[in-house]
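There are 2 protein chains.
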Amino acid sequence: MSNDLDTVFAALADPTRRAILAMLLEDDMAVTDVAEPFEMSLAAISKHLVILTKAGLISQEKRGRVKWCKLEPDAMRTASVWMQGFGQFEPVNLDAFERFLEVELPATDEA
Amino acid sequence: MSNDLDTVFAALADPTRRAILAMLLEDDMAVTDVAEPFEMSLAAISKHLVILTKAGLISQEKRGRVKWCKLEPDAMRTASVWMQGFGQFEPVNLDAFERFLEVELPATDEA
DNA sequence: CGCATATTCAACCAAATGGTTGACCAAACC
DNA sequence: GGTTTGGTCAACCATTTGGTTGAATATGCG
Chain A
130 MSNDLDTVFA ALADPTRRAI LAMLLEDDMA VTDVAEPFEM SLAAISKHLV
180 ILTKAGLISQ EKRGRVKWCK LEPDAMRTAS VWMQGFGQFE PVNLDAFERF
230 LEVELPATDE A
Chain B
130 MSNDLDTVFA ALADPTRRAI LAMLLEDDMA VTDVAEPFEM SLAAISKHLV
180 ILTKAGLISQ EKRGRVKWCK LEPDAMRTAS VWMQGFGQFE PVNLDAFERF
230 LEVELPATDE A
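Those protein sequences? They're chains A and B, same order as listed.
Each residue of the first sequence is one higher than the one before, starting from 130 at the first, in this note's numbering.
Each residue of the second sequence is one higher than the one before, starting from 130 at the first, in this note's numbering.
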């Protein structure tokens, strides 16, 4: 049920994975290229990519022998919306934000 | 460095902890009362509260023999801002939200 | 003082996490 | 066809995580 949030937040809790997401913000990348800047085996990066994929944060498409990784930022929405639920009590001006919530929020149940 | 995000996202990755935060949204609570709805030992909840405290998501103040837990939603801001960096490419109507960001965002660095 | 209440500490445990290495499979190249 | 290239799989390992229980430490109450 809250499994979505579980996997997304867990995926985001690792600095390597966040760095990968940031890289993919620039452009789609092949697995090998994703791995290149890290001092870590390709297999390890491959595992990170699986975790990101399961969280829905990226998608992977194999073209030829190259597997391309693409950022899927929409997966962050649920988590983001959940977090925003806590922002509403902050003192700063949230008028624009509240208008945003009215449009975006389906419901605010959560356990 | 990105340790902030590490601890906050990791803290949010657990459903029990998210439920606790949601409860604290209503009001400040004593540790025992926080633990009450969960089918889990008080010690376990106490540990969860430590994790939330270390992440800065709650604060705990001892008054008498009771320790009160208070939500600190500001700790979510860094994480939220980091995530928003990915949202800016989403197609859906974010006008209200973007106005919100313009006011709220300090900077968007992170790796 | 003596007991109940509120909370943490310490030791322990099973399962999950993040990494390694080496074998393996599939596509591409000469 | 044989070899390089791209990537995953499998087994393994150390550490962390999320839980337990029982003892310990305050604080408050009669």
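Note that CB positions come from ideal geometry on N, CA and C, so glycine has one too.
Helix, strand or coil for residue i? Go by DSSP, reduced to three states.
i	result
M152 (chain A)	helix
S188 (chain B)	strand
A204 (chain B)	helix
F218 (chain B)	Residue placement at F218 (chain B) is flagged as unreliable, the pLDDT there being 37, under the threshold of 50; a coordinate-derived value is accordingly withheld.
M158 (chain A)	strand
To the nearest angstrom, how far is it from the Cα of residue i to the Cα of residue j?
i	j	result
P144 (chain B)	H177 (chain A)	22 Å
A173 (chain A)	K196 (chain A)	16 Å
L134 (chain A)	P166 (chain B)	21 Å
D156 (chain B)	I149 (chain B)	11 Å
Q189 (chain A)	T207 (chain B)	28 Å
E219 (chain A)	S209 (chain A)	In this prediction, E219 (chain A) has a pLDDT of 38, which is less than 50 and means its spatial position is unreliable; nothing more can be read from the coordinates.
T136 (chain A)	L200 (chain A)	16 Å
S170 (chain A)	V163 (chain A)	11 Å
V179 (chain B)	A151 (chain A)	30 Å
G193 (chain A)	S175 (chain A)	17 Å
C198 (chain A)	R147 (chain B)	30 Å
E168 (chain A)	E168 (chain B)	42 Å
I'd like to know whether the C-beta atoms of residue i and residue j end up nearer to each other than 9 Å.
i	j	result
P202 (chain B)	L181 (chain B)	no
L153 (chain A)	M212 (chain B)	no
F138 (chain A)	A184 (chain B)	no
F215 (chain B)	M205 (chain A)	yes
In terms of alpha-carbon separation, which member of the options lies closest to residue i?
i	options	result
K191 (chain B)	B:G216, B:V160, B:L200	B:V160
Does at least one heavy atom of the ligand NAP sit under 8 Å from the Cβ of residue i?
i	result
L181 (chain A)	The ligand NAP is not part of the structure shown, which contains no ligands of any sort.
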